[in-house]
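Under the working numbering, think of the first position of the sequence shown as 75, with each following residue one higher. Cβ coordinates follow ideal geometry from the N, Cα and C atoms, glycine included.
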Amino acid sequence: MLSRLVHASQPRLALAAQSSAARGLYLRTVVTATNSPAASSLDYYNEALVDHNNVRDLLKRFTDAHRSRDERQMNAIANTIVREAALHSDGEEISIYKALDKYELHEAADKDREEHQAVKQAMSMVDSNSTSSLGIDEFAASVAEACKLFLQHAEDEEKNQFKKLSANLTALERAELARDFLKAREMVPSRPHPSDPQGGGAGQKLMGTMVKPFDAAISSTRDFVELKYHHANPNAS
C-alpha cells in the first residue's frame, strides 16, 4: 500500500515541480523585459546627458594622459571631444532649441545658442591643432578651456533650461524630442563650424549637408577613443 502511495504521488510532485519551474521562468522573463533598455521610455534630457557625461569622462581621461605625457592618447581623446561636442551642439540646435522656441522659451534658446558659439570657437581651436603644433602643455590648456565652456553650458542646461522645457512636455513629447535629437546628431557635421548658421533652420541643415562629407574625410585620418556612455535605441518606446 505504501509503495502504491509513493508511486501515485510522484506524478503530482513532477507536475508541481514543472509548474514551479514555469512560474520561475515567467518571473525571470518579466524581470528581464522590465529591466531591458528598450522597455524604458526615451527622454531628450537623458540623451543630452549622455553627451554631457561623455565630455566629462573624456576630459578626465585627457587630464590623465597629459599627466603621463602620452601625446598619442591626448590627441585621440581631444579628437573625440571635438567630435562629440560638434554632434551634440548642432544636434541640439536643430531639435531641442527649436522646442525651446516653440514653447516661448526664447531667452533660454538665445542664451544657449550664444554659449554654443563660444564653445564652437574654442573647440575649433582644438580641432585645428595638436600636441605637435602647440606643444603638450599649451594644447592641454586649449582642450581644458574648451571643455570648461562646454561643461559650464551643460550644467546650466541640466539645472535650468531643460527643467523649464520639460515642464511643458508630456512623456510622449519628451520621447519624440529624444528621437529628433538622436536623428539630428546623425545628420550634422562632426567638426565645429562657428561661422555657419546655428538657428536650427534650413540654412544650418544645408550647410551641414555640404560640409559633412569633408568632415568625414578629415576624421578618417584621425584616431579616436571609445566612449563610456551610449545613447538609447531611438526606436524604443
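Distance between alanine 220 and methionine 197 (C-alpha atoms, nearest Å): Using only the alpha carbons, I get a separation of about 6 Å.
8 Å contact criterion, which arginine 265 and valine 156 should meet: CB distance rounded: Confirmed, about 7 Å.
Buried or exposed by the 16-neighbour rule on C-beta atoms within 10 Å, applied to threonine 154: Buried, since its Cβ has 16 or more Cβ neighbours within 10 Å.
Residue nearest to histidine 41 in terms of C-alpha spacing, selected from Ser207, Gln235, Asn127 and Leu161: Missing from the structure shown is residue 41; the chain here goes from 75 to 311 and no further.
Cβ distance (whole Å) where leucine 223 is taken to contact alanine 173 below 8 Å: A Cβ-Cβ distance of about 23 Å is found for the pair leucine 223 and alanine 173, leaving them out of contact under the 8 Å criterion.
Threonine 205 - containing alpha helix (DSSP H), residue span: Per DSSP, the unbroken alpha helix (DSSP H) holding threonine 205 starts and ends at 205-208.
Sequence-distant residues of its chain with Cβ nearer than 6 Å to serine 204 (five each side left out): If we look at serine 204 and ignore the five residues flanking it on each side, its Cβ neighbours are Asn149.
Where the alpha helix (DSSP H) containing serine 163 begins and where it ends: Per DSSP, the unbroken alpha helix (DSSP H) holding serine 163 starts and ends at 145-168.
Closest residue to methionine 284 among Tyr303, Val262, Lys185 and Ala241 (Cα-Cα distance): Minimum Cα distance to methionine 284 is reached at Val262.
DSSP state of proline 21 mapped onto helix, strand, coil: Outside the displayed range of the chain (75 to 311) lies residue 21, so it cannot be described from this structure.
Whole-angstrom distance between leucine 208 and aspartate 201, CA atom to CA atom: Their backbone Cα atoms lie some 12 Å apart in a straight line.
Lysine 286 (DSSP reduced to helix, strand or coil): In the structure shown, lysine 286 sits in a helix (DSSP, three-state: H, G or I).
Valine 124 - DSSP class collapsed to helix/strand/coil: Here valine 124 sits in helix by DSSP.
Three-state secondary structure (DSSP) of tyrosine 171: Here tyrosine 171 sits in helix by DSSP.
The stretch 174-184 contacting the stretch 229-245, beta-carbon criterion three pairs below 8 Å: Here the stretch 174-184 lies against the stretch 229-245, with 3 or more beta-carbon pairs under 8 Å apart.
Element boundaries [alpha helix (DSSP H), containing glutamate 189]: Where glutamate 189 is concerned, the enclosing alpha helix (DSSP H) stretches over 180-201.
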